[in-house]
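What follows is a short report on a single structure.
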Amino acid sequence: MTNSGDVPDIIPIHLFNQGILMPYTVLPLTVTDPDMIAMIDHAVNGDKIIGVVAESPDGKKYRVGTAAGIWKLYRFPGDVVRVTLKGLYRFRIVEEMEVDGIPSARVERLNTEFPEDSDELEAWRRSIELQLRKIMELTPGIPDELQLITLLRDPEKLSFVAASGLEAPVFEKQTFLEENSIVLRFRLLRSMMNYEIQRLKLREHIEGQVRMEMEQDQKEYYLKEKMKVIQKELGGSAVNPDVVELSEKLAHKRLPQSAADAAEEELKRLSKLHPGSPEAGVARSYIEWILQLPWLERTVDRIDIAEANRILNSDHYDLKDVKTRVLEFLAVRKLNPEGKAPVICFVGPPGVGKTSMGRSIARALGRKFIRLSLGGVHDEAEIRGHRKTYIGAMPGRIIQGLKEAGSANPVFMLDEIDKLGRDYRGDPTSALLEVLDPEQNFSFRDNYLNTPFDLSGVKFITTANTLETIPGPLLDRMEIIRIPGYTEDDKYQIARRYLVKRQVERTGLSGKLVRFTQSGLRCIIKRYTREAGVRELERSIGAVCRKCAVKVASGDMAMTTVTEKTVPDYLGSWKFTRESRLPEPRVGVATGLAWTAVGGEILMIETLLLPGNGKLILTGQLGDVMKESAQAALSWIRSNRRDHCKDPSEYDIHIHVPAGATPKDGPSAGVAITASVFSALCEEPVRNKVAVTGEITLRGTVLPVGGIKEKVLGAIAAGIEKILLPAENMRDLEEVPKVQRETMEFVPVSEIGQAMEHLIIRGN
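If you're matching positions, the sequence shown starts at 581 in my numbering and goes up one per residue.
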């Protein structure tokens, strides 16, 4: 054992992450790590001292630790060492180093500062001693040896030994260890001990409550059993009060015959079971579900077409086609209330109003509204429920939603139906087939209830972002209504009419304290959001309002006007910049049109010729369809090559679409790719103010594509003056607002040759 008087300058350092070693306390360790064993051997051959430094939970290495002497050392087979370290004194690391490959440090010993008034120190020692006794009284089964701590007369030893036994965070104990003043150390110790006393009292209180409840349960069980015996002796039979209560409720509940029979059968079974058995709990829960469900309770539809139109217009801007279809549904429902209504599926990008449209339909019908999110549901039992034989079983989400609604004919929205999963637990989409099919759902059988429930009165509405992941049989049961993304003008009107007002109210402001100009709102739309819906737009408006609220709460009541110039003061620098047309025509660069979930935009197609043998190089994260369009474009150019143009077989052709981090796919860029390659081979520039969209064939035919409205609006925003459209797409221009349509020249093309006449600037 090392003498505590030996104070070496350099000692090995062990990083300990399981607590704090205090002076005058011991730390037993079982060591298998070769590096740690090497450190122990190094210390044994030297001063027999190891510095123990704590590591915080976040990996921070403290600078103050405890020098420990090697008190006991045992070696076992298999390179296992059991060592007991005894804390000697505190030290501070001055300089870290390695000695013979062992992590070490130059240290300085820290001494304790004692007050001049010995009476004060004795008063602190007695106070700590009293608190220690309280802790021991609250800790049952404490060994007699530990009770000897209270007999320590040395204040320093008492402080370290007492702190070592407390449950406290590492940072608190480290603060205690680093404190040099014995008085301040006692204050920290008292704080930790007060917390420990409160924790022990709370534990004692909780254990007492649990003990009392267990005794009460045992008492009730004993009395019930005694009552049963007395009733049998008197010639009667034991009656479960739960059975009586449930029987009375069933007598007053309007139920279909099948549900009433199932409940009566379960009630008879419950009457024969012990009240405290698990089976009794399952039976009681089943009957309660039967009682709580709205089997025959229905709301009366209040269909007023004019009022419904007002509700739809007040809740949503534009979406004329969607509103027309909803009004048609309501009109048919009014004329034929018993007819089987189709299941509507709203399809569109996030944030365009699919869920809120369902709420509006419920308001127009005067029905309850229930929303069920299906995103991430993988288990068929989530839809059909679990069989009641399992402990903790319950009905599926459809039945749970009807219980929440309290009506058998609510508007039931199945949100994000395209995100249903499937795994070994079953296929939820198959379970939904019965739910959504009007020919079957009048007798929907939940696994838990195991009795038919009529869903024919429920108006099911589903939503999805895409149809690609919805299985065909499920898709066949729904009528698809597409809700497109909003244009920039749509977003401005929605922000002006709805979003600003809502965010101003939520932040406690008023129209007299903040005002958004048209330029300010359009700047937020163009420079800080890129989405098909308006969720991020509303969040950005809310961020501006919150900053205005801080100003008002600080006493500045002046009106805040949000303009294009002041928006960056609230939201920071621009997050997005829109792609703009080229400033001048260039060889090998054509302007295509793309359609994404957040709207339309122009797409630059670049072509570069390299010495080679006709190899086609495609970059820019192009999808398979786009790659095939490039192959088709090159094949058409080879078969229609002009004399003054270069031979494609003598060059490697590199086609690139900028923004390589963004995946791109689709057939719409076929004509633009053809123009770009043609321009590079013939060294004739492509007009920079003309954009084109359309799919091509090897015969040179231009085929129609989708997303015309979004592409046109994106081209207008980018400064394009003329758009070449497939001839069959000209009818789609009716979807483009008239104001925007009149600012653009549209040219129908049916052959690639026609498109080249408008795209290529011919040489002499």
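Here a beta-carbon is modelled for each residue, glycine too, at the ideal position from N, C-alpha and C.
- Between Thr1009 and Pro1064, the C-beta gap is not smaller than 9 Å, which leaves the two residues out of contact.
- Of Val750, Leu718 and Val1094, the smallest CA-CA separation from Glu787 is found for Leu718.
- According to DSSP, Ser1215 shares a beta bridge with no other residue.
- Within the model, the alpha-carbon separation for Ile1296 versus Ala886 is close to 37 Å.
- Along the length of the segment 661-726, whole beta strand (DSSP E) runs at least 3 residues long occupy 682-690, reported in chain order.
- Every alpha helix (DSSP H) of 4 residues or more that sits fully in the segment 1301-1342 is shown, in chain order, as 1318-1321 and 1332-1339.
- Just so you know, the alpha carbons of Ser1229 and Ala1170 end up roughly 22 Å apart.
- Annotation for Thr1009: the continuous alpha helix (DSSP H) segment containing it runs Pro1008 to Leu1016.
- The three-state secondary structure of Ser987, taken from DSSP, is coil.
- Between the segment 587-600 and the segment 615-632 there are three or more C-beta pairs closer than 8 Å, enough to call the two in contact.
- When C-beta atoms of the segment 836-850 are compared with those of the segment 953-962, fewer than three pairs fall below 8 Å, so the two segments do not count as touching.
- CA-to-CA, the gap between Ala618 and Pro683 works out to about 11 Å.
- In the structure shown, Thr1187 adopts extended strand secondary structure according to DSSP, grouped into three states.
- By the criterion of a C-beta distance shorter than 8 Å, Met1324 is surrounded in its chain by Val1292, Ala1295, Ile1296, Ile1300, Glu1301, Lys1302 and Ile1303, once the five residues flanking it on both sides are discounted.
- For Ala1170, the uninterrupted beta strand (DSSP E) run begins and ends at Val1169 to Thr1176, by DSSP.
- In the DSSP assignment, the residues bridged to Glu1059 are Ile924.
- Per DSSP, reduced to three states, the secondary structure at Pro735 is helical.
- Judged by pairs of C-beta atoms under 8 Å, the segment 1253-1269 touches the segment 1208-1219, as three or more such pairs exist.
- Counting only the Cα atoms, Asn1045 lies some 31 Å from Gln1211.
- Each residue's CA atom was taken as its position, placing Ala942 and Thr1146 some 41 Å apart.
- At the C-beta level, Ile1104 and Leu1117 come within 9 Å of one another.
- Around the beta carbon of Met1139, fewer than 16 other beta carbons lie within 10 angstroms, which makes this residue exposed.
- Around the CB of Gly933, 16 or more other CB atoms lie within 10 Å, so the residue is classed as buried.
- Ile1235 has Thr1187 and Leu1198 as its beta-bridge partners, per DSSP.
- DSSP lists Ser684 as the bridge partner or partners of Pro592.
- Around the beta-carbon of Met1184, 16 or more other beta-carbon atoms lie within 10 Å, marking it buried.
- Between Ile883 and Arg913, the gap from beta carbon to beta carbon is short of 9 Å.
- With 16 or more other CB atoms across the displayed protein chains lying within 10 angstroms of its CB, His896 is buried.
- With a cutoff of 9 Å on beta-carbon distance, Thr1031 and Glu996 are scored as not near each other.
- By the neighbour-count criterion, in which 16 or more other beta carbons inside 10 Å mark a residue as buried, Tyr1072 falls on the buried side.
- Spatial neighbours of Glu1059 in its own chain (CB-CB distance under 6 Å, excluding positions within 5 residues in sequence) are listed in chain order as Pro922 and Ile924.
- Listed in chain order, the beta strand (DSSP E) runs fully inside the segment 1019-1051 are 1039-1044, counting runs of at least 3 residues.
- In the DSSP annotation of this structure, the continuous segment of the beta strand (DSSP E) that includes Tyr654 starts and ends at Val644 to Phe656.
- Contact annotation: Pro1306 and Val1329 have beta-carbon atoms nearer than 9 Å.
- Annotation note: the segment 855-923 contains the following uninterrupted alpha helix (DSSP H) runs of length 4 or greater, listed N- to C-terminal: 858-872, 885-895 and 900-915.
- Judged by DSSP in its simplified three-state form, Val1270 adopts strand.
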